[in-house]
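Colleague: One structure, pasted below without further comment.
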Amino acid sequence: MYHDNDRAKLFSRRAMMLAAGKATLITGLAARMYYLQVMEADKYAMQAEDNRITTRLLAPPRGLILDRNGVAMAINQQNYRVMVVAEQTPSLDYTLDALGKIIAIGEGDRARIHKEARRRRSFVPVSVRENLTWEEVARVEINAPDLPGIIIDVGQSRYYPMESLGAHILGYVAAVSESDLTDDPLEELPGFRIGKGGVEKVYDMALRGRAGTSSLEVNSVGRVHRELERKEGEPGIDLNLTLDIRLQQYAAQRLGDESAAVVVMDILTGDVIVMASTPSFDPNSFNRGLSNEEWKDLTSNPRSPLTNKVIAGQFAPGSTFKLLTALAALESRDITPDMRVLCTGHLQLGSIKFHCWKKEGHGSQDLISGIKNSCDVYFYEVARRVGFEKIAEMARRFGLGTQTGVDLPSERPGLIPDRAWKRKALKQPWHPGETLINAIGQGYVTATPLQLAVMTARIANGGYAVVPHVARDQVIEKSVHPRPSPEWPSLEVSRQSLALVRKGMFAVSNEPGGTAYKARITQEGMWLSGKTGSAQVRRITMRERETGVKKNEQLPWKERDHALFVAYAPEENPRYSIAVVVEHGGGGSAVAAPIARDIMLEVQKRDLARVSTEADGAPEPPPDFRRF
Amino acid sequence: MLNLPRMPLRLNRTEMSLREKLLQLNWSLIALLTAIACIGFATLYSAAGGSLEPWALKQIVRFVVGMTIMVAVAMVDLRFWVRHAYMFYVVAAVLLLLVEVKGTVGMGAQRWIDLGFIQLQPSEIMKITLILALARYFHGATLQEIGRPLFLIPPLVMVMLPAAMVMKQPDLGTAMMLVMSAGAVFFMAGVRLWKFALVLVSALSAIPLAWEFLREYQKKRVLIFLNPEDDPLGAGYHITQSKIALGSGGLFGKGYMSGTQSRLNFLPEKQTDFIFTMYAEEWGMMGGLVLLVLYAMLIAFGYAIALRCRSQFGRLMAHGITTTFFLYFFINIAMVMGLVPVVGVPLPLISYGGTAMLSLLFGWGLVMSAYIHRDMPISRRGMHDD
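From first to last, the protein sequence lines are chains C and W.
Mind the numbering: the first sequence is residues 1 to 628 in full-length UniProt numbering, read in order.
Mind the numbering: the second sequence is residues 1 to 386 in full-length UniProt numbering, read in order.
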């Protein structure tokens, strides 16, 4: 032990060194603790909250769409889905095989399920099939013990109980596409549908409602432990339309297989009571998902079932336009109502002969008989005197040439031509002959059926610029308010001129020899006054005129005239206006006028003022949306 | 030089009765160990969501067994350990070799031997027996002998052999710990500082070579340590989540049993290697400091005992085991706080795990034996020296 003292001294010295080193390191740990738990504590506390809580959106139920009496047109249906949770199955294939014996699962579905199951965590349910029938649900439930990992889940999907009825006004819902994205968080929900047409689109934001949130405590793999907080969203507002579903149904039936459009509106309030466009489509099929073939059928059909012809069909108004020519002439005092024109079947302007629809001519015509007989030569002469600029101006005042402003998407403006337009669009000067042609609603002039109904309404209501709408109430952002009583601006047209035109319309429908006399309403107090129109869609050659103009029935469908009719009723204190267009239907008086008569009769019989408060048998609308 | 008169004669005797030894037990040390272990029990209870199962109860049983072993070891004459130090070393080395041959794979590394009643981690045992063997080797060495480079070769082999085997398991953390705690023994024995510098420089220059030998996941761990934000959801997940849990605990913690991060499993291995994070999330920085102070006190006790030892073996062994203990908790706490790479080193006396608990308490038994026999002179061969 002779050396032990040296070793002990060395040991003590070095022990002190190492002890000091350890003390330093322990201090370092304490400093790090201070840094993490005091200096950076807030940052980590925030990250910890993020870690712990995830927020899930709760989709609010979409607002219902009801007709003016509260009959449901668009509702939410429970959508039974069968889902599979991969981690609860012995193997995905085992469970799918077992399920496949109970309900049909396509090969494509299987591939999709496998793909989704691989992508997601094993406790996340994967949808196997949607829209199960009750019977299928029952079968799955009964066999539940043999189907490990299978759960049935209820979601909501849009359903249109009226199917194709009113489809163009309702529109449809579909998945959100890239271009639809706004900053509404709802759009990120898987399976969320937004309005893609009709009022579903226009009032989409109000119908959607506000998303609720559910704050969930989750663990590191996303498994839910418990719900911390739940904020229910606001369901979308229920929307009442101005449509009357019974009248709508009647109108659609009356149009039958024709490719046609009919619109009835309240000339005082602008309520659109009927808006039917045939053929129609079933908006439910968009929700189900269309096959390629169905889609092709819909888009390639020459009668264009997807188009709402009332607002997007632009037709030559034909003789219905003569009402505006007459008004322009009367207002400019270029004619007097008593001025007479001799119709010999044609009018010579320079070297060109302009034919009347009646080859043998109408003889001497004044304003009333000109309208009553729809004499082309009379209006050629009137137009020649007035000039087309004044007629165009009057047409625009009555709502042609621009969108009416109805609360529906994809409305088209039609066209009221003038010199400036022709120079710009066609780079040609205006020919005097074009004044004559356009003044009788041929040539460049086009209008939508809704524009024609608005025009008729403005004539019937004494010259006020009524604007149509399909939503009964005013929707401001996400709430509804009763519409204020309308105060339409005056069109500054004299009462006398309007009265004369209405007198002409009365003669059309109610005087023997009028073009729509056969389609008159005989019920007392419901008489209708109207104007026929037959818009030519082909050019009649000189040669054909010599050999005799072909009758519509002899022509292929695509070359037949469009049949038009506009009218208002009742004659005393008018309330409703109507426009009917039957594409390639033939003559206005023979085809369109009877349809208009039947529908107008039905509308007047229904007495809307009464049903709107009694809702005959239909579900009561929520009380706060009632309008008194 | 012999039989210094300042020493109490009673302790200087060759033989002590069992009663005398029991009276010499360092009760403060026992209290300190128990306090730390109790923190562990409480934390494991919380980790199980307020249940003794599956961890806390087993850990308590192990601690009781460990304490018994510790006292038993403390009673054994220090000379017994001198005499049999090499034998224990060889047994541990054989066990380590056995893991290679028929070890059970756990946690991605071969570390355990299943003996039926206990799953043995030979690397944990080696941490203690290596200290014993080295202390034995340097016990009889004069400073002149230690100055000879050739004299240092056998102990170097004693270190490198188990270190290499552990490295091959692969368990980088334990290998590093073996090397570092052995280095402390070399240093305390009186090996010149420049020799350490030489080894350090050559080790640093060997890093590129060693890099090639690292497993892919080990390389990844080092890279992630250098920049954990790179991959917060992938491989850097552990350390990022650990820092979030710890940092969100703040100064006073979220309260016992209320650590949201640990409870919701954001924290990996919360009952073993990352238990400190959970503890510090619930008790905050204050709780962390309390534990750190307890550990520091334990180290201070170790040093006091080592310095009071009359035999070189007792000094080296007590200091070596104290250093091993220090490395345990330092590496573990530094790791969960993102100061060193993630290596599999448990928090001593707190992390759930049997072998570490038993071998650590075995080690403290040795330290206590050194305390009880602090004034006993020991010959070079482990005989009574007089």
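Idealized CB from N, CA, C, for every residue including glycine.
#1: Rounded to the nearest angstrom, how far is the Cβ of L290 (chain C) from that of T299 (chain C), given a contact under 8 Å?
#2: Output the distance between the C-alpha atoms of E227 (chain C) and V218 (chain C), rounded to the nearest integer angstrom.
#3: Quick one: which chain W residues come within Cβ less than 8 Å of A45 (chain C)?
#4: Note down, in chain order, every chain W residue with its Cβ under 7 Å from the Cβ of E40 (chain C).
#5: I want to know whether the region 374 to 381 of chain C touches the region 315 to 327 of chain C - three or more CB-CB distances under 8 Å.
#6: Can you find a C-beta in chain C that's less than 8 Å from the C-beta of Q121 (chain W)?
#7: Would you please verify whether the beta carbon of N131 (chain C) is less than 8 Å from any beta carbon of chain W?
#8: Would you kindly work out how many angstroms separate the C-alpha atoms of V140 (chain C) and W134 (chain C), rounded to a whole number?
#9: For V84 (chain C), which residues of its own chain have a beta-carbon under 8 Å away from its beta-carbon, when the five flanking residues on both sides are left out?
#10: Tell me the residue span of the alpha helix (DSSP H) that contains L241 (chain C).
#11: C343 (chain C) lies in the beta strand (DSSP E); which residues open and close that run?
#12: Less than 8 Å between the C-beta atoms of N287 (chain C) and V173 (chain C), yes or no?
#13: Note down, in chain order, every chain W residue with its Cβ under 8 Å from the Cβ of S12 (chain C).
#14: For N308 (chain C), which residues in the same chain have their Cβ closer than 6 Å to its Cβ, ignoring the five residues on either side in sequence?
#15: For F11 (chain C), which residues from the same chain have a beta carbon less than 7 Å from its beta carbon, with the 5 sequence-adjacent residues on both sides left out?
#16: Drop a sphere of 10 angstroms on the beta-carbon of I476 (chain C), count the other beta-carbons inside from all chains shown, and report buried for 16 or more, exposed for fewer.
#17: Give a yes or no on whether 8 Å exceeds the smallest Cβ distance from M33 (chain C) to chain B.
#18: DSSP three-state label for I105 (chain C), please.
#19: Going by alpha carbons, who is nearest to A31 (chain W) out of W:L161, W:L294, W:S248, W:A306?
#20: Examine the Cβ distances between the region 449 to 457 of chain C and the region 418 to 425 of chain C and report whether three or more of them are shorter than 8 Å.
#21: Closer than 7 Å by beta-carbon distance: list the chain W residues that pair up with I26 (chain C), in chain order.
#22: Taking 8 Å as the threshold (beta carbon to beta carbon), is M176 (chain W) in contact with chain C?
#23: Does any C-beta atom of chain W lie closer than 8 Å to the C-beta of L36 (chain C)?
#24: Is L216 (chain C) close to chain W, meaning its C-beta is less than 8 Å from at least one C-beta of that chain?
#25: Quick one: any contact between the region 526 to 540 of chain C and the region 566 to 576 of chain C, if contact means 3 or more CB pairs under 8 Å?
#26: Quick one: which unbroken beta strand (DSSP E) runs of 3-plus residues sit fully inside the region 94 to 170 of chain C? Chain order, please.
#27: Does the separation of the CB atoms of F252 (chain W) and V336 (chain W) fall below 8 Å?
#28: Considering Y303 (chain W), what are the terminal residues of the alpha helix (DSSP H) in which it resides?
#29: Round the Cβ separation of V274 (chain C) and D244 (chain C) to the nearest angstrom and send it over; I've been treating them as touching at under 8 Å.
#30: Can the beta-carbon of P154 (chain W) be found less than 8 Å from the beta-carbon of Y137 (chain W)?
#31: On a Cα-Cα basis, can you pick out the residue from W:L198, W:P348, W:G140, W:W81 that is closest to T129 (chain W)?
#32: Work out the CA separation of M600 (chain C) and S157 (chain C) for me, nearest whole Å.
#33: Given this structure, state the Cα-to-Cα distance separating P377 (chain W) from S311 (chain W), to the nearest angstrom.
#34: Do the CB positions of V603 (chain C) and A592 (chain C) come within less than 8 Å of each other?
#35: What residues in its chain sit with their C-beta under 7 Å from that of E130 (chain C), if we drop five residues either side in the sequence?
#36: For T446 (chain C), list the residues DSSP reports as bridge partners.
Modeller: According to the structure data:
#1: Going by Cβ atoms, the distance from L290 (chain C) to T299 (chain C) rounds to 10 Å, so no, they are not a contact pair.
#2: 9 Å
#3: G247, S248, G250
#4: G247
#5: yes
#6: no
#7: no
#8: 10 Å
#9: L92, T95, L96, L99, I113, A117, P125, V126, V128, G149, I150, I151
#10: Run containing L241 (chain C): none; DSSP gives neither H nor E here.
#11: 341 to 343
#12: yes
#13: L307
#14: H168, S277
#15: none
#16: exposed
#17: The chain inventory of the structure shown lacks chain B, comprising the protein chains C and W.
#18: coil
#19: W:L294
#20: no
#21: L292, A296
#22: no
#23: yes
#24: no
#25: yes
#26: 126 to 129, 150 to 159
#27: no
#28: 275 to 308
#29: 7 Å
#30: yes
#31: W:W81
#32: 36 Å
#33: 6 Å
#34: no
#35: N79, R81
#36: C:L415
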